[in-house]
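Residues -27 to -1, 1 to 304 in mature numbering (1 follows the signal peptide of the UniProt record, and there is no 0) are what the sequence shown lists, from first letter to last.
Just so it is clear, CB atoms sit at the ideal spot from N, CA and C, and this is done for glycine as well.
This report refers to the structure that appears directly beneath it.
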Amino acid sequence: MWTVLNRRFIQACFITSMLCFSSLGLAQTDAYPNRPIKLIITWPVGGFADTLGRTLAGQLGTILGQQVVVENRGGANGMIGADAVAKSAPDGYALMFQSITSHAINPAMYGKTPYSTEKDIVPIAVVASVPMLLVANPSLSAKTVSELISLAKKEPDSLSYATFGNGSASHLAGALFTNQAGIKMTHIPYKGGAPAITDTLSGQTPLSFSAFGLALPHVRAGKLIPLGVTGSTRSKLLPDVPTIEEAGGLKGYEMSIVYALWAPAGVPQPILAKLGKAVETVVSSSAFKEKLVGDGGEVMNLSTVAESNAYFQKEMQRLSKIVKDGNIKAD
C-alpha cells in the first residue's frame, strides 16, 4: 500500500513540477522582452544593409517596448557576426541581421565555418529582397543582354565585369550569368560597390553588377546603360529595363540579396513567434518600405521560422551550387 501511495505521490509531484515549469516558461515568454535586445548587423556602419537593419531595429524596439541596440560586426562575409550570435544564450536577447545570400554560401566558399550554418542559427523571418542591375559603360558596343552574350562568345575573355567583392551577391550574379549563358568574362572584385561603379563609369571595367542605389543616378544621367535586372521581375524604378532572364533567354536566372532576422538555435518557440509577429508589423509599415524603394527592393514577408527555414534551405542548395560551379573561393 505504501508503495502505491509513494508511486502516486511521486507521479503527483512530477505532474506538478511539469506544470510549474510550463507556467514558468509561459510567464517568461509573456514577460519577453524585459531588457534591451542586441541586434548584430553583419556589415560595417553606413551603406544600405546597415540602414535597413537599423530601421528594423528601431521599429522592433517600438513594437516590443524595449530598446533594440545595434552592434555592427562586419567581416569574413558575415561570419564574425554570425559566430557571435551562434555562441550567444538562446534567450531572444541576441539577434542577427544578415543576408540569406551570404549566410548560405559561406560553408561552400570557405570550406569550414566556426559554427554550423544549419544547426546553430535559425532564421526568424525573411524581410526583404533586393535585386541588382547589370550596367555597361556607353562605350561598350553591346546595348542589350543578348548582344552582350553574342559579343562574349565572339570574343572570349575580352570582357570583364566589376562586383562588390569576391563571394558577394554581385559576384554570384556574374558567375550565374556567365555559366548559364555559356560565356567567359573576367571577374574584377572591388572592395565595395562604390569603387566598382566608379571604374565602370570611367570605362576601366566595361560592366558592373551593381546596387540600384549606386547605379540609378548614372543611368538617369545617361552615363551608364542598364542591360538587365538580376531579380525575377522588372523593377518599378526602371520598368522598361527587362530582367536578365527575359533579355538573355536564360530560364530561371535570378539573383537578389535577401535579408533576414536570425537567432541562436534553442530560443523558445513562443519568443520566436513573438518576434516574427513584430517583424510582420515592421515590414508592412510605409517607413520600412520607403527604405527599400531607392535600392529597388521589395518586402518579403516570411514571418515564421518554418517558412523562413524552408526558403533558406532551398536557397542554400541553389547558391552553393553556383559557388561550386563558378569555383568561387574565399580571398
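Check                                                                                                                      : Outcome
Opening and closing residue of the alpha helix (DSSP H) in which Q40 lies                                                  : Unbroken run through Q40: none, as it is neither H nor E.
Beta-carbon spacing of L12, F70 below 8 Å                                                                                  : yes
Supposed contact pair M228 and A142 - C-beta distance, whole angstroms, cut 8 Å                                            : 7 Å
Extent of the continuous beta strand (DSSP E) run through F137                                                             : Element bounds for F137: n/a, residue is neither H nor E.
Alpha-carbon spacing of G201 relative to I170, whole angstroms                                                             : 16 Å
Residue nearest to V256 in terms of C-alpha spacing, selected from E271, K247, S293, P199                                  : E271
S133 versus G140, T151, E120, residue with shortest Cα-Cα distance                                                         : T151
Beta-carbon contacts of E288 that lie in its chain and below 8 Å, excluding the five residues immediately before and after : I73, T74, A77, V231
Burial state of S181, where buried means 16 or more other Cβ atoms lie within 10 Å                                         : buried
P96 - DSSP class collapsed to helix/strand/coil                                                                            : strand
Among K262, A236, R8, nearest to S102 - alpha-carbon criterion                                                             : K262
Contact set for P6: own chain, Cβ-Cβ below 8 Å, skip 5 residues either direction                                           : L37, G38, Q39, G65, Y66
K297 versus L145 - alpha carbon distance                                                                                   : 11 Å
Exposed unless 16 or more other CB atoms sit within 10 angstroms - verdict on R46                                          : buried
Proximity to I94 [Cα-Cα], best of M82, K209, D56                                                                           : D56
Per DSSP, cross-strand counterpart(s) of V240                                                                              : The partner list for V240 (beta bridge, DSSP) is empty, contrary to what the question assumes.
Y232 in three-state terms, based on DSSP                                                                                   : strand
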